[in-house]
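Enquirer: A single structure is presented below for examination.
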Amino acid sequence: MMQVSSGNSAPAQQAEELAEGLQGTDASPQNRQWPVQRQSVQESVLFGFLSWLPNFGRALTACIIPFTAVLAVFLLVIIIFASIGQRTWSEQAPDAFQSFDRAFYTVILFMSWDEWPDDLPIYSEDEVINHKVTSFIIFFEILVWTCWILLIKIVVTVLLHEFAAAGLQGQEDKLGQLQERLTSVESKLVAMEDQFRSHRTDLEKLVQSISRVEEKLATI
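My numbering applies: residue 3 is where the sequence shown begins, and numbers increase by one.
Right, dumping it as structure tokens:
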């Protein structure tokens, strides 16, 4: 009975030691694998950002021409309204519209949400609306806001178009790379097939020669 109990306890002790060893080996690869996975994720994010930068540069360069066109229209509107203000209120408001330089500066200040000149009130002392001033302000604001909206829409549209085109180009490049890999794999398969056929013919010749030797041995 003592021999049986000692024989049963030894395998149980070995099983416990084996389980502890397995637990130790299961824990160590996880601790070792986590920094490797984290480093790979960081590298993928970095390479993705670097690959995105050329697309962003191409999109910005594509926005230059429409952006300059809208800015030219913007500048033309400012020049037209500055000349109108100079001809209309050069004597009534000399500090703001006496010369074209002052008129241009006044229009730019008003465009940047600055106050309208005090020499040209919207309401007169009799509380009558000055139609010249109000029409000037209304038309100028409408044209300015129209230019701003066009500018934003053009820039956003061009950026989205360029990013979409860059994404399609990247997909086409990936497809081209996959096609090149497929062609290389096909060529390798064809070469392996040729080698297999050559080895097959060699084996057939070897089998024929062995059969001939066996026939000669049988005749002896």
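For every residue, glycine included, the Cβ atom is placed at its ideal position computed from N, Cα and C.
Small disclaimer: the values here were computed from a predicted structure and weren't measured.
1. Between the segment 146-164 and the segment 63-76, do at least 3 Cβ pairs fall closer than 8 Å?
2. Identify whether Ile-131 lies in helix, strand or coil by the three-state DSSP scheme.
3. From the DSSP output, read off the bridge partner residues of Tyr-125.
4. Which of the three DSSP states, helix, strand or coil, is assigned to Ala-95?
5. Counting only the same chain and skipping the five closest in sequence on each side, list residues whose C-beta sits under 8 Å from that of Leu-184.
6. May I ask which residues mark the beginning and end of the alpha helix (DSSP H) holding Asp-103?
7. Please classify Phe-142 as buried or exposed, where buried requires at least 16 neighbouring CB atoms within 10 angstroms.
8. Secondary structure at Ile-86, three-state DSSP: helix, strand or coil?
9. For Ser-85, which of Cys-65, Ile-154, Val-109, Gln-94 has the nearest alpha-carbon?
10. Can you say whether Ala-220 is buried or exposed, counting buried as having 16 or more other CB atoms within 10 angstroms of its CB?
11. Assuming contact is defined by CB atoms lying nearer than 7 Å, are Trp-91 and Leu-122 in contact in what I supplied?
12. Would you call Ile-124 buried or exposed, if buried means 16 or more other Cβ atoms sit within 10 Å of its Cβ?
13. With H, G and I counted as helix, E and B as strand and the rest as coil, what does DSSP make of Glu-195?
Expert: According to the structure shown:
1. yes
2. strand
3. Bridge partners of Tyr-125 according to DSSP: Ile-131.
4. coil
5. none
6. 102-113
7. buried
8. helix
9. Val-109
10. exposed
11. yes
12. Under this definition Ile-124 is an exposed residue.
13. Assignment of Glu-195 by DSSP, reduced to helix, strand and coil, places it in the helix class.
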